[in-house]
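Colleague: Quick one: structure below, then a few questions.
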Amino acid sequence: MSIFRTKNLRGLLAEIAAQGEDRKLRRSLTALDISLLGLGVMIGTGIFVLTGIVAAEYAGPGLMLSFVLAAIVCTFVCLAYSELASFIPVAGSSYTYAYVSLGEIFGWLVGWSLILEYTVGASAVAGGWSAYFTSILADIGIHLPK
């Protein structure tokens, strides 16, 4: 038993094929659907929560250069994920990619990192939306205690 053991890709694909057609996911999304879904995941709501405040107080016009640089980096990340998804066409995303290519310990680390990432991301978005909601309530005359 080694923490660096990997899943055999052929075995993984054979296991998926043995489950039969009724267990496979149906391909129903178009290229436009997938592109818009990816764009929504990359941009998210975080771009609307703090961008104006950061631009006004800290960044200034350099913020646009930061967005361009981040878009270039995200393009390369998207290309890498599309290659992995076409090479390892099974459910599991980053966890499966890490487990198959790097080993069990890296799959475990990636899996828990994803759970932490989604938790922190949801918390940040909830904090931003609560600030928006408090501002909207204050505009209509309802003031909440701080």
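Residue numbers (the UniProt record's numbering): 1 to 146.
We put the CB at the ideal spot given by N, CA and C, even for glycine.
1) What is the residue span of the alpha helix (DSSP H) that S28 lies within?
2) Would you report the Cα separation of S94 and L84, rounded to the nearest angstrom?
3) Please state whether DSSP places A91 in a helix, a strand or coil.
4) Who are the near neighbours of Y99 in its chain, counting only those whose CB is closer than 6 Å to its CB and skipping five residues on each side?
5) Please identify the residue among Y132, G92, A59 whose C-alpha is closest to the C-alpha of I16.
6) Kindly list the residues whose CB is nearer than 8 Å to the CB of L63, restricted to its own chain and excluding five residues on each side of it in sequence; keep chain order.
7) Could you check the C-alpha separation between I88 and I47 for me, to the nearest Å?
8) If you count every other CB in all the chains shown that lies within 10 Å of the CB of Y118, and 16 or more means buried, which is it?
9) Are the beta-carbon atoms of I3 and I115 separated by less than 7 Å?
10) Measure the alpha-carbon distance for S135 versus P145 and round it to whole angstroms.
11) Report the CB separation of L12 from V90 in whole angstroms; it is logged as a contact under 8 Å.
Modeller: Considering the structure as presented:
1) Along the sequence shown, one-based indexing puts residue 28 at 28. Element bounds for S28: n/a, residue is neither H nor E.
2) Along the sequence shown, one-based indexing puts residue 94 at 94. Along the sequence shown, one-based indexing puts residue 84 at 84. For the pair S94 and L84, the Cα-to-Cα distance works out to about 9 Å.
3) Numbered from 1 along the sequence shown, position 91 holds the residue referred to as residue 91. A91 falls in the coil class under three-state DSSP.
4) Against the sequence shown, residue 99 aligns to sequence position 99. Once the five neighbours on either side are set aside, the close Cβ partners of Y99 are K7, G107.
5) To locate residue 16, count along the sequence shown from 1; it is residue 16. Checking every option, the nearest Cα to that of I16 belongs to G92.
6) Taking the first residue of the sequence shown as 1, we reach residue 63 at position 63. Here the set comprises T51, V54, A55.
7) Position 88 of the sequence shown, counted from the first residue, corresponds to residue 88. Position 47 of the sequence shown, counted from the first residue, corresponds to residue 47. It is roughly 31 Å from the alpha-carbon of I88 to the alpha-carbon of I47.
8) Your numbering for residue 118 matches position 118 in the sequence shown. Burial call: exposed.
9) Mapped onto the sequence shown, residue 3 falls at position 3. Mapped onto the sequence shown, residue 115 falls at position 115. Taking 7 Å as the Cβ cut-off, I3 and I115 do not qualify as a contacting pair.
10) Within the sequence shown, the letter at position 135 stands for residue 135. Within the sequence shown, the letter at position 145 stands for residue 145. Approximately 12 Å between the Cα atoms of the pair.
11) Residue numbering aside, residue 12 sits at position 12 when the sequence shown is read from its first letter. Residue numbering aside, residue 90 sits at position 90 when the sequence shown is read from its first letter. Contact flag correct, Cβ pair sits at about 6 Å.
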